[in-house]
Amino acid sequence: MSRKSHGFRPPSPRSRKGRDSDAPQARPPVTAPARPFETFEATFLGHPEGTGGFLRPVGVRKGAGMDLLVDWRDALGAIHGDRVMAEVAGDSRDGRLRGRVVKILARGEQPLPALLQHQAWGWRAVPLEPRLSQIISVPPTDLAEDGDLVSVKLNSDLGGPPSAQQLRGVVVAKLGRPTDLKIENKLTAALYHLRTDFPQAVMDELAPFPTVIPETWLAGREDLRELLTVTVDPPTAQDFDDAISLEPLPENEGGGWRLGVHIADVSHYVREGGPLDQEAQTRGTSVYFPDESIPMLPERLSGELCSLREGVDRLALTVWMTVSPDLEMVETRFSESVIKSRRRLTYDQVKVACLDLEARARHDLGEDVCELLDQSLVLSRRLNEARLARGAMNLDSEETEFLFDDEGRPVDARRYAHHDAHRMIEAFMLLANEAVATFFSRRKVPTIYRIHDEPDPLKLEAFKEVAMAFGLLRPHDAPTPENLNALLDKIRGGPLEAMLNAMLLRSLKRAEYSVDNIGHSGLALHDYLHFTSPIRRYPDLIVHRWLKRLLHGAPVPEGLHTQLAIVAKQSTDTEQTATEAERENDRWKTCLLMKPKIGQKFDGRIQGFSPKVAFVRLASPFVEVGVPLGALGGAFTVNEARTHTTNGTLVLSIGDPVKVEITGVDEDLRRVSAWIVEAQGADPKGKRTAFVPSLAAPATLREGDFAEEKRPSPRASHRPAERSSERPARKGDFRKPSASPRSGGRASSRAPKGSVRGGGRKRG
């Protein structure tokens, strides 16, 4: 029977209950499309346990809930990253849509990080990607030695039955030794296919740019070099893409302020369609690790020519905003400008001088700079109050700040301090972004908006249950922005702040880029985009380019909407990849920090649950560790909303204080294991009680602890339980020994480990 190739056809719309909720709920039976034998292209995503995988149709983004489950018998020997032709094969016992691989079209093209090992029979490479469970046979190479970490390119030859083939590849680069400092940064970049080197064509395009701005470049620009402007950034910042100026207006002219937000004019240097532009679009965003960054633009641009350095002439694009005393936007104006930043300030400098009012710090900054900052704090506080009044969320993201010794090793981790100096800059950047978005929206010119859909009410209800358990919301309190902001104010600075902030963030949908403007619910804005960081975000660069063209009266070409839609989708994808890489690197740093602390005890609070693990956030160092529920003793089970675990006589809930002992660090899994030695829980009636468990099972996290449990659908609940998922070994399906990047290649008896993605901070 011949099979026609068509685009993926999702099942007919149905209730969203359970799909986006934190609580894993059984889905109703899924009906396959009307023509089940039609095929579609997809990417095969392996499972860390090696028992099948998932199919993600081409064009469907991660997190859309459209991945199809594939049993290993229906995978046709496909491996993680393969591009395949597939078909819908019905639904699984747990009600999940199931697929079948029909044909393997191509192997993944990206090189894979792996550990090179010399065996008696030859050379092999053990992939660090956990979803690729096969070992790769490689020929001898002069690029690396036994025990080196390398990049391996898989052979693309798919001749013969894939399931009967040994994976083969070739070493294309050496990444380093497992004991090298910052090797985890190189491995993270390799795992997520982040581009770390710039092509020669990019550097050639960059070479002719002069270090000093020529006078000819200043023609037609607004000269603001005598205007008092300052930059405010973290102390470790290397690029400065935004500066501010503020002028209080005379009372006899109505009062208010004239705010200037001056953004580096990156588009002046990055020619559309040139090598620089193509590379920036491919990268999409800069990636920030705790001790290193991977810039979107070469250092000469991001750290020099486009960076608004103190006392240096720099090209800028300025947003002028006249704000009335009652915070009405009286006038907005845009101009191409040249500025000279007076001072490069840090957030803590502003805090000490203008919040703590330390006399020495104010003297060092100077009277005029302090006056600028004092006025800026007054305006920003009022802007933030107005933002909350219109229904915006008042969330402070909980970030971990790692501290390093002189050699670059992590020695501590603390909660990143967030105060009014940060909120001042954020308020001004939000205002500038909104002003530019309104400019495009009113003129009905396509652009790339930053959108944020309304939150899922089911997830908010789950969050409300947790808040009610702490007495922070009453049963009749709806989870509205007003009530949630009041809750956040109550816990600000307290022990529950980090945990509840993280929970609420997970209850909200992810912000993304789109040409179709649906507004930004988190900010309660109808028009919003990203304009203020063109050094590190490609959508900002696009917005700059088109804003300048509109200011010069350039016509809007046909097809711009479609062109920008493609860029918006790609930018959303690259941002998500960067976020996952940053979280993974944070987990790696946590392992390096906690490795010498095995056997030590720390205070913390339960932050969340998976079906088999309780996650505990330590008070100091400010990192997360995992406690296998089996280590608590007794049959502890987690409720569907994942807010507590119980064995029938004791309930441990999110937010409960615990003392844990670190029991192990697994750099392959990127997880720190612990077990609870003391806890404050409750009995089934809610009475608080102390709990001291006995270690009834190994307190070490396993890869399977993070796999989702299969929950039977209602129609399948009468069926007997399946037998063990063990299966006979197949030719070509090798189980590899664990080889930690820092173990020097020594194999152990554990199952292969690797990347496990989890929750974490999210950029707005």
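Its first residue numbered 1, the sequence shown is counted upward by one per residue in our numbering. Every residue, glycine too, gets a C-beta built ideally from N, C-alpha and C. Since the model is a prediction, treat every value here as computed from it, not as a measurement.
Check	Outcome
Identify whether PRO298 lies in helix, strand or coil by the three-state DSSP scheme.	coil
Report yes or no: do the segment 649-662 and the segment 676-693 share at least 3 C-beta pairs separated by less than 8 Å?	yes
With respect to the alpha helix (DSSP H) encompassing ASP765, which residues constitute its N-terminal and C-terminal limits?	Missing from the structure shown is residue 765; the chain here goes from 1 to 764 and no further.
May I have the straight-line CA-CA distance separating ASP91 from ARG131, to the nearest angstrom?	23 Å
What does PHE404 pair with, by DSSP beta-bridge criteria?	PRO410
What does the alpha-carbon distance come out to for the pair ARG537 and ALA316?	16 Å
Does DSSP classify ARG670 as helix, strand or coil?	coil
Going by DSSP in three states, ALA502 sits in which element: helix, strand or coil?	helix
Which same chain residues, not among the five before or five after PHE428, have their C-beta less than 6 Å away from its C-beta?	ILE244 and VAL261
Alpha carbon to alpha carbon, what distance is there between GLN119 and SER514?	51 Å
Taking only heavy atoms of the ligand COA into account, decide whether any of them is closer than 6 Å to the Cβ of ALA386.	The model depicted lacks the ligand COA and carries no ligand whatsoever.
Per DSSP, GLU292 is paired with what?	PHE289
Look at the Cβ atom of PRO325, then the Cβ atom of GLY256, and state whether they are nearer than 7 Å.	yes
Hey, could you find the ends of the alpha helix (DSSP H) SER653 is sitting in?	Careful: SER653 lies outside any alpha helix (DSSP H), inside the beta strand (DSSP E) at 651-653.
Span of the beta strand (DSSP E) holding TYR192?	From DSSP, TYR192 is part of no beta strand (DSSP E); its letter is neither H nor E.
Please specify which runs of the alpha helix (DSSP H), each continuous and at least 4 residues long, are wholly inside the segment 51-125, giving them in chain order.	none
With the cut-off set at 7 Å, would you say LEU194 and VAL319 are in Cβ contact?	no
Please report the distance separating the alpha-carbon of ARG587 from that of GLU222.	47 Å
Taking the straight line between their C-alpha atoms, what separation do you get for ALA173 and THR282?	21 Å
Contact between the segment 403-420 and the segment 501-520 is defined here as three or more beta-carbon pairs at a separation below 8 Å; is this criterion met?	no
Evaluate SER620 with the Cβ neighbour count: other Cβ atoms within 10 Å of its Cβ, from every protein chain shown; 16 or more gives buried, anything less gives exposed.	exposed
Taking the alpha carbon of PRO139 as the reference point, which residue from VAL232, SER133, VAL152 and GLY147 has its own alpha carbon closest?	VAL152
Looking only at DSSP bridge pairs, what is ILE451 linked to?	GLU512
Would you call the CB atoms of ALA778 and GLY99 closer than 7 Å?	As shown, the chain starts at 1 and ends at 764. That puts residue 778 outside it, with no answer to give.
Just confirm the distance between the C-beta atoms of VAL232 and LEU345, as a whole number of angstroms; I'd bet it's less than 8 Å.	5 Å
Assign ASN433 to buried or exposed, taking buried as 16 or more other Cβ atoms, counted over all protein chains shown, within 10 Å of its Cβ.	buried
Between ASP666 and CYS591, what straight-line distance do the alpha-carbon atoms span, to the nearest angstrom?	7 Å
Measure the alpha-carbon distance for PRO737 versus GLU401 and round it to whole angstroms.	Note on PRO737: pLDDT 41, under 50, position unreliable in the model; no value is reported.
Is it true that the segment 347-355 meets the segment 560-570, where meeting means three or more beta-carbon pairs spaced less than 8 Å apart?	no
Does DSSP put SER151 in a helix, a strand or coil?	strand
If we count Cβ pairs, one from each stretch, closer than 8 Å, do we get three or more for the segment 459-479 versus the segment 522-539?	no
Using a Cβ-Cβ cut-off of 6 Å (strictly less than) and excluding sequence neighbours within five positions of THR577, which residues of its own chain qualify?	TYR192
In angstroms with no decimal places, state the Cα-to-Cα distance between ASP456 and PRO234.	34 Å
Within the 7 Å Cβ cut-off, does LEU68 reach chain E?	The displayed structure is made up of one protein chain only, and chain E is not part of it.
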